[in-house]
Amino acid sequence: MKKLSFLPLTIAALCLVLLIDACSKKSNPTPAAAAGTTLYDSLGGTALVADPAYPGAMIEKGRLGLRNVIDSTIFVIAADSRINAHFAVLLAEVGAKNFSGYTDLSENLTTFVANATGAKDYVYIGLSMSDAHNPAVNPRMTGKATSADFDAFVSDLVAGANKNKLPANLLTSVGAIVETLRAQVVQM
Amino acid sequence: MKTNIKKTLLWTFSVLLLLTVVLCVHIYFVYRPKAADNNSRIMARIDIKQPINQDEANKIAAWMYHQKGVDHVLVNPQTSIVVFTFAPLKTTGNQIANNFKATFNLKADRFMPTAKDMKQSCPMAASSYTYKIYKFIANII
Numbered sequence: 410m411k412k413l414s415f416l417p418l419t420i421a422a423l424c425l426v427l428l429i430d431a432c433s434k435k436s437n438p439t440p441a442a443a444a445g446t447t448l449y450d451s452l453g454g455t456a457l458v459a460d461p462a463y464p465g466a467m468i469e470k471g472r473l474g475l476r477n478v479i480d481s482t483i484f485v486i487a488a489d490s491r492i493n494a495h496f497a498v499l500l501a502e503v504g505a506k507n508f509s510g511y512t513d514l515s516e517n518l519t520t521f522v523a524n525a526t527g528a529k530d531y532v533y534i535g536l537s538m539s540d541a542h543n544p545a546v547n548p549r550m551t552g553k554a555t556s557a558d559f560d561a562f563v564s565d566l567v568a569g570a571n572k573n574k575l576p577a578n579l580l581t582s583v584g585a586i587v588e589t590l591r592a593q594v595v596q597m
Numbered sequence: 002m003k004t005n006i007k008k009t010l011l012w013t014f015s016v017l018l019l020l021t022v023v024l025c026v027h028i029y030f031v032y033r034p035k036a037a038d039n040n041s042r043i044m045a046r047i048d049i050k051q052p053i054n055q056d057e058a059n060k061i062a063a064w065m066y067h068q069k070g071v072d073h074v075l076v077n078p079q080t081s082i083v084v085f086t087f088a089p090l091k092t093t094g095n096q097i098a099n100n101f102k103a104t105f106n107l108k109a110d111r112f113m114p115t116a117k118d119m120k121q122s123c124p125m126a127a128s129s130y131t132y133k134i135y136k137f138i139a140n141i142i
């Protein structure tokens, strides 16, 4: 029966180990083994490089390439009066010192596109494109997106890609992936 | 025997309570409103209320890039809109907008979306509950 007195200590030790393990912050994603050639691989894949936006941090080269395109696209969209009303959240300094609008959208969109282009180390688990653009599911959508809205988004994406000198063949691949989303985004 | 079981339960409960408190404190520190740091960036927009040409757009962009704290700029001459990001530790959007108006002889205002605009914008910003839980856990680990 004396052994029983060690039980709480064992439980405590186990909990402590789990807690310490859970609290150890992972600063970098684990590089995955390259398998096949995806668009993500063509952009640099899982090779880790210094992240210019966060000194001292590393980022996968493929993700960095995509993030550069996404960030440029966000700028183009924010200055495009055809669709920028849909992206007011970018200017999220308004209110209680919420600085996250621009960076959150950049991160979210980058992860989505990274997944779509073959990234293995990042998982997009936001709303599906269909739900995100369905006013019945997503209260942020006050109306359905039109085909003209989607065309404007695509042209802004192309402009963003061109600012980053994305090679034409890769731009075509990105365009093809985005085009597959048209039916999910335009629900009219 | 009974005393030992009681002791064991008491110890277990105490340890779990302590760990729960530690976890709560940890979550609080992760989620408490964070002050802006050197990596923080804010996007802002200035609407020019008159047409501009490409030359003027280039001049505006060049001037904007010389402003302290501004790191990326896009001037769209078709829409007369200036979009830029800046480091909140070095400057503010209003300061840049005011300097802009003082420097250029243009009718211009900083665009500030309303709270309603913010709630209704960007479908990608709306996240599933799974995503919210993921973000919650990801921030902890």
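Protein sequence lines, in the order shown, are assigned to chains F and R.
Numbering-wise (the working numbering), the first sequence opens with residue 410 and increments by one.
Numbering-wise (the working numbering), the second sequence opens with residue 2 and increments by one.
We put the CB at the ideal spot given by N, CA and C, even for glycine.
Remember, it's a predicted structure, so these values are computed and weren't measured experimentally.
Asked, Found
"Through-space distance from Tyr-66(R) to Leu-75(R), alpha-carbon basis", "10 Å"
"Chain F contacts from the stretch 63 to 95 of chain R (Cβ-Cβ distance under 8 Å)", "His-73, Leu-75, Val-76, Asn-77, Thr-80, Ile-82, Val-83, Val-84, Thr-86, Pro-89 and Gly-94"
"CB contact check: Asp-530(F) to chain R, cutoff 8 Å", "no"
"Pairwise C-alpha distance: Val-594(F) and Met-538(F)", "6 Å"
"Partner residues on chain F for Cys-123(R), Cβ-Cβ distance less than 8 Å", "His-495, Phe-496, Ala-497, Val-498, Leu-499, Leu-514 and Arg-549"
"Partners in chain R for Asp-489(F), counting only beta-carbon separations shorter than 9 Å", "Asn-77, Gln-79, Thr-80 and Ile-82"
"Neighbouring residues, chain R, relative to Val-485(F) (Cβ below 7 Å)", "Leu-75"
"Span separating the alpha-carbon of Asp-530(F) from that of Asn-573(F)", "23 Å"
"Inter-residue spacing [alpha-carbon to alpha-carbon] between Asp-460(F) and Met-467(F)", "5 Å"
"Gly-454(F), buried or exposed, once every other Cβ within 10 Å from all chains shown has been counted against 16", "buried"
"Proximal residues to Asp-489(F) (C-beta, below 6 Å), its chain only, five neighbours per side dropped", "Asp-565"
"Outcome for Ile-28(R) when other beta-carbon atoms lying within 10 angstroms are tallied against a minimum of 16", "exposed"
"Other residues of its chain near Thr-482(F): CB distance less than 6 Å, five sequence neighbours each side excluded", "Asp-565, Leu-566 and Gly-569"
"Rounded C-alpha distance that separates Ile-6(R) from Val-26(R)", "30 Å"
"Three-state secondary structure (DSSP) of Leu-75(R)", "strand"
"Close beta carbons around Phe-496(F), own chain, < 8 Å, minus the five adjacent residues each side", "Ile-483, Ile-486, Ala-487 and Leu-514"
"Three-way DSSP call (helix, strand, coil) for Ala-62(R) in this model", "helix"
"Minimum Cβ-Cβ distance from Gly-474(F) to chain R less than 8 Å", "no"
"Arg-476(F) in three-state terms, based on DSSP", "helix"
"Rounded straight-line distance, which links the Cα of Tyr-533(F) to that of Asp-451(F)", "Sequence inspection shows Ser at residue 451(F); the Asp mentioned does not correspond to that position. Distance between the alpha carbons of Ser-451(F) and Tyr-533(F): 20 Å."
"Same chain only: Cβ atoms within 6 Å of Thr-92(R), ignoring 5 sequence neighbours per side", "Lys-69 and Gly-70"
"Where the beta strand (DSSP E) through Phe-85(R) begins and ends", "82 to 87"
"CB contact below 8 Å: Asn-40(R) versus chain F", "yes"
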